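Heads up: the structure comes next, in structure tokens.
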Amino acid sequence: LMLTPDRCLIFPSVEFVRNVINKQGRKSTLPVVLDCTYIYGADFTAAKVVSMLISDFEARNQKLYFYNLQRRVAQVFEGLNKGLIVIYDAEHLEMELSGKESETRK
């Protein structure tokens, strides 16, 4: 399942985005990929909400991938989010989704 937010993640919109992602994620056990191509900014509140979102997915044992996250936005998120999985190329994403990348890390 791939979701594509279309703007920056800042207070107050980030909580709405979290709710939409969780709602879609709960419909399946499949991994969720957030295509972050259009996310050009984020604030500290967004980083905290992303941390909660990651925890939501971890509680369901469901993978959440951040695809194409701009490096400056990733830096905002990485400080609070140890479970953040950022992927920058389609081949690596395909390997993760197929389970091949996870197998090579064992």
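First residue of the sequence shown: 1, per UniProt numbering; consecutive thereafter. Glycine included, each C-beta is placed from N, C-alpha and C at the ideal position. Given the structure is predicted, the values throughout are model-derived calculations rather than measurements.
In terms of alpha-carbon separation, which member of E58, R18, K63 and A59 lies closest to V49? Of E58, R18, K63 and A59, the residue nearest in Cα terms is R18.
Give every residue of the same chain whose Cβ lies closer than 8 Å to the Cβ of I54, excluding the five residues on either side of it in the sequence, and list them in chain order. Only L64, N81, G83 and L84 meet the Cβ criterion.
Where does R59 land, buried or exposed, given buried means 16+ other C-beta within 10 angstroms? Residue identity differs from the one stated: residue 59 is Ala in this sequence, not Arg. A59 is exposed by the Cβ-count criterion.
As a quick exercise: from F57, K23, R26 and E78, pick the residue whose alpha carbon is nearest that of D43. Considering only alpha carbons, the answer is E78.
S98 versus T45: straight-line alpha-carbon distance, rounded: Within the model, the alpha-carbon separation for S98 versus T45 is close to 33 Å.
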